[in-house]
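Asker: So that we are looking at the same thing, I have put the structure below in structure tokens.
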Amino acid sequence: MEFKKVDCSICAVFVVVLVLCTGLVSGGDIVHQDDIAPSRPGCSNNFVLVKVPIWVDGIEVTEFVGVGARFGPTLESKEKRANQTRLAFADPPDCCSTPRNKLTGEAILVHRGNCSFTTKANVAEDAGASAILIINNQTELFKMVCEPHEHDLDIGIPAIMLPQHAGTSLIKFLGNSSSVSVQLYSPKRPMVDVAEVFLWLMAVATILCASYWSAWRAREAAIEQDKLLKDGSNECNVTEGSRSGVVLEINIISAVLFVVVASCFLIMLYKLMSSWFIEVLVVLFAIGGVEGLQTCLVALLSCFRWFERFGQSYIKIPFLGPVSYLTLAISPFCIAFAVLWAVYRHISFAWIGQDILGIALIITVLQVVQIPNLKVGTVLLSCSLLYDLFWVFLSKSLFHKSVMIVVARGDKSGEDGIPMLLKIPRLFDPWHGYSIIGFGDIILPGLLVAFSLRYDWLCNKRLRDGYFLWAMLAYGLGLLTTYVALNLMDGHGQPALLYIVPFTLGTFLTLGKQRGDLKHLWTRGEPDRPCPHVRLQPE
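This is how it looks when you write it as structure tokens:
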């Protein structure tokens, strides 16, 4: 009775969470290619992020991040090899004409505007500057490109764009008659960060746990049905109806509608992305996290003899119905955990609480939501793949930005990203940040993997002869391929389903065809259970 109540509430949360979940693996971009900006000899650099540590009177006080220009020499990647250079403010400030102040190898700080970026760089180089730092007139960074008529440029000093607040701080330091020095370097990201390894393990372990729990529930339901049939009941449909009351089975129509609804929600997120909207998402995520954590803890503790009696004893509560004493005891802890995470989510180790709530929610969703056969799974994953590809890559042509990446990072919201993500800090990355994976990259293929184990158990298949082992290996390999592509692309966000779906779905379809089970998997998804009695004793 109570289990159905919990499942119904989770189903409502699932609809919200799944349409908001992103299908993205990201490590944060440090190199930006640009196919639109003009590229020609002397103007063909990639746009790289640049670290700019600041020293005032010999003491390092802060560090800013800028972006390198399309033109000029490439920057040093090692901090110890980058020279510390004295900073001077241009006079006139726009550096569109020869500066009045004499330069002897200083880096020159200038305002944006009144002439082209290349003109400023040429004037600064001719005046004796060793680098030019251009202050943007906006908070965001801007890509500095060459003019269409400029060819064969030979600019010998690096040009860096700084955000507006960085320029304000530097001008203040210089105005205090202080000695200000800067260092310019663009460190490269390590090929593999330990965060990606742990994130891979988290995703695989989450699907593994959810699959075994889902298969165990399916086996218990089948055994219960078997007992009812043995007692003389000839109405198989009654039992099937009771089983459907505790799970939400996806059909083909809902699989297609998912993509449509998810796309609408994604556009809404993109258009309404702000601090208040992130707060709404945090509340929704916290509610789902409480439900997920409570469900997982109750199921886990009920396995122990000490708590079994409390899990089977119920009290009737108005508006909630029968609730077990174990649930009542655990609920305050789950609520307090989610509230503490929401309040202190900006502290350095808050990602641990977010991951715990997220994993619990994902596992619970994979118990409640199921695909009935391989046909529905194929439609769902195929549509999700197209959804991922469009909103990560093709949406740039309509919105001038990758909608999925903007939403996942939480741009313009003042936050590190939406909460519907698993993330781990990049401990050995000089750029720091987080490696992330969207809930969709775990839940959607997880539905297929969990289906494979339910099928194996109900068919009494051994591990090697079944489908679960190979589906699990295919998922792990597909996610590993995603991280390889992520690092080859210098940290650009990747649609993980682009790699996961061909591995998992392709493996399942190939094995099913080779073993002659494809027709059965495609339509029924479970073994025939004739009335009045079938003996079920899985290994």
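Going by this note's numbering, the sequence shown opens with residue -11, and the numbers climb by one from there.
Just so it is clear, CB atoms sit at the ideal spot from N, CA and C, and this is done for glycine as well.
Model, not experiment: these values are computed from the prediction.
1) Classify Tyr375 as buried or exposed, calling it buried when 16 or more other Cβ atoms lie within 10 Å of its own Cβ.
2) At the level of alpha carbons, what is the spacing between Val437 and His153?
3) Would you please state the rounded distance, in angstroms, between the beta carbons of Ala193 and Met132? I believe it to be under 8 Å.
4) Using alpha carbons as the reference points, say which of Leu474, Gly276 and Asn361 lies closest to Lys507.
5) State the start and end residues of the unbroken alpha helix (DSSP H) segment that holds Lys68.
6) Could you tell me which residues DSSP puts in a beta bridge with Thr50?
7) Between the Cα of Ser301 and the Cα atoms of Phe292, Asp82, Cys291 and Thr315, which residue gives the shortest distance?
8) Figure out for me which residue from Gly116, Gln126 and Ile145 has the closest Cα to the Cα of His99.
9) Going along the chain, which unbroken runs of the beta strand (DSSP E) with 3 or more residues stay wholly within the stretch 286 to 325?
10) Would you mind sorting Trp294 into buried or exposed? The rule is 16 or more other CB atoms within 10 Å of its CB.
11) Quickly, what does DSSP pair Ile123 with across the bridge? List them, please.
12) Let me check one thing: in DSSP terms, what residues is Pro169 bridge-paired to?
13) In the stretch 436 to 466, which residue ranges form an unbroken beta strand (DSSP E) of at least 3 residues, counting only runs that do not cross its ends?
14) If you run the structure through DSSP and keep just helix, strand and coil, what is Ser104?
15) Strictly by DSSP, which residues pair up with Val357?
16) Tell me whether Ile303 is buried or exposed, calling it buried when 16 or more other Cβ atoms sit within 10 Å of its Cβ.
17) Count the other C-beta atoms from every protein chain shown that fall within 10 angstroms of the C-beta of Tyr422, then say buried if there are 16 or more, exposed otherwise.
18) Run the CB neighbour count on Glu228, radius 10 Å, all protein chains shown included, and call it buried at 16 or more, exposed below.
19) First and last residue of the beta strand (DSSP E) that includes Ile425?
20) Buried or exposed: which applies to Glu135, given that a residue is buried once 16 or more other Cβ atoms fall within 10 Å of its Cβ?
21) In the DSSP assignment, find the unbroken alpha helix (DSSP H) run with Leu362 in it and report its ends.
22) Look at Leu269 and Ile431 and say whether their C-beta atoms are less than 8 Å apart.
23) May I ask you to verify whether the stretch 467 to 487 touches the stretch 236 to 249, counting CB pairs closer than 8 Å and requiring at least 3?
24) Quick one: Cα of Ser230 to Cα of Pro310, how far?
Answerer: Judging by the given coordinates:
1) Counting Cβ neighbours within 10 Å, Tyr375 comes out buried, since at least 16 surround it.
2) Between Val437 and His153, the C-alpha separation is close to 49 Å.
3) About 45 Å; that fails the 8 Å criterion.
4) Put simply, of Leu474, Gly276 and Asn361 the residue whose alpha carbon is nearest the alpha carbon of Lys507 is Asn361.
5) Taken as a continuous stretch (DSSP letters only), Lys68 belongs to no alpha helix (DSSP H), as it is neither H nor E.
6) According to DSSP, Thr50 bridges with Ile42.
7) Residue Thr315 is the option with its Cα nearest to Ser301.
8) With distances taken between Cα atoms, His99 lies closest to Gln126.
9) Entirely contained in the stretch 286 to 325, the beta strand (DSSP E) runs reaching 3 residues are, in chain order, 302 to 305 and 309 to 312.
10) Around the CB of Trp294, fewer than 16 other CB atoms lie within 10 Å, so the residue is classed as exposed.
11) In DSSP, Ile123 forms a bridge with His99 and Leu150.
12) Residue 169 is actually Ser in this sequence, not Pro. Answer by DSSP bridge pairing, in chain order: Trp43 and Arg74.
13) Segments of the beta strand (DSSP E) lying fully in the stretch 436 to 466: there are none.
14) Judged by DSSP in its simplified three-state form, Ser104 adopts coil rather than helix or strand.
15) Beta-bridge partners assigned by DSSP to Val357: Leu236.
16) With fewer than 16 neighbouring CB atoms inside 10 Å of its own CB, Ile303 falls in the exposed class.
17) When all chains shown are included, Tyr422 counts as buried.
18) For Glu228, the pLDDT reaches just 42, beneath the cut-off of 50, and the residue's location in the model is therefore unreliable, although a value from the coordinates is still provided. Classification for Glu228: exposed.
19) Unbroken beta strand (DSSP E) run through Ile425: Tyr422 to Gly426.
20) Under this definition Glu135 is an exposed residue.
21) Taken as a continuous stretch (DSSP letters only), the alpha helix (DSSP H) holding Leu362 covers Leu362 to Leu377.
22) No, these two residues do not count as a Cβ contact at 8 Å.
23) Taking 8 Å as the limit for Cβ pairs, the verdict is that the stretch 236 to 249 does not touch the stretch 467 to 487.
24) Low local confidence applies: a pLDDT of 41 at Ser230 is under 50, so the model's placement there is unreliable, and no value is given.
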